[in-house]
Every structure is written in structure tokens, then in C-alpha cells.
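Notes to accompany the following structure.
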Amino acid sequence: MNAAQLFSGKIIKQILQALSLLFNICAKAQAVTAIRVIESAMGLPSNEHMEFQREALVCALKAYKY
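Take the sequence shown: its position 39, counting from 1, is numbered 480 in the numbering used here, and each next residue is one higher.
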């Protein structure tokens, strides 16, 4: 089974939950990346302010973890 098959037919919420479990090395960064991919696939425009906030959140969570 490849990654595409794993997520085929799933709703966005299910995909995000699964990604954070699959990639536990840096689950938060993977979840942010997944959100970006979903937004891109849906044709949603990029938002610079939102991207900054996402990056800040990932950095804060990484710092808190250690």
C-alpha cells in the first residue's frame, strides 16, 4: 500500500489525524505541511500572515518538546 491509497476516500480531518500519528518525528510540521497541500489542492490562495503563524507555532512546539 502506498501513501495515496492510505488516504484515498478519507475526509480531511481523518487525513490530518493519521498524518500526525504516522510522522511522530515532527508531527506538527507534517500536519502544517498537510494543511498546505490540502489548501493548494482546493485552489485556496496562500496567506503570508497565516504561513508566518504556522511556522511560529511549529517552532514553539518544537522548543517546548525539548
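Here a beta-carbon is modelled for each residue, glycine too, at the ideal position from N, C-alpha and C. Keep in mind the model is a prediction, meaning the values are calculated, not measured.
Express the C-alpha separation of Lys454 and Gln494 in angstroms, rounding to a whole number.
20 Å
Report the rounded CA-to-CA distance for Leu498 versus Leu462, giving the unit in angstroms.
18 Å
So, Leu485 versus Gln471, is the Cβ gap smaller than 8 Å?
no
Skipping 5 residues on each side, what residues in its chain have a beta carbon closer than 7 Å to that of Ala475?
Ile456, Leu457, Leu460
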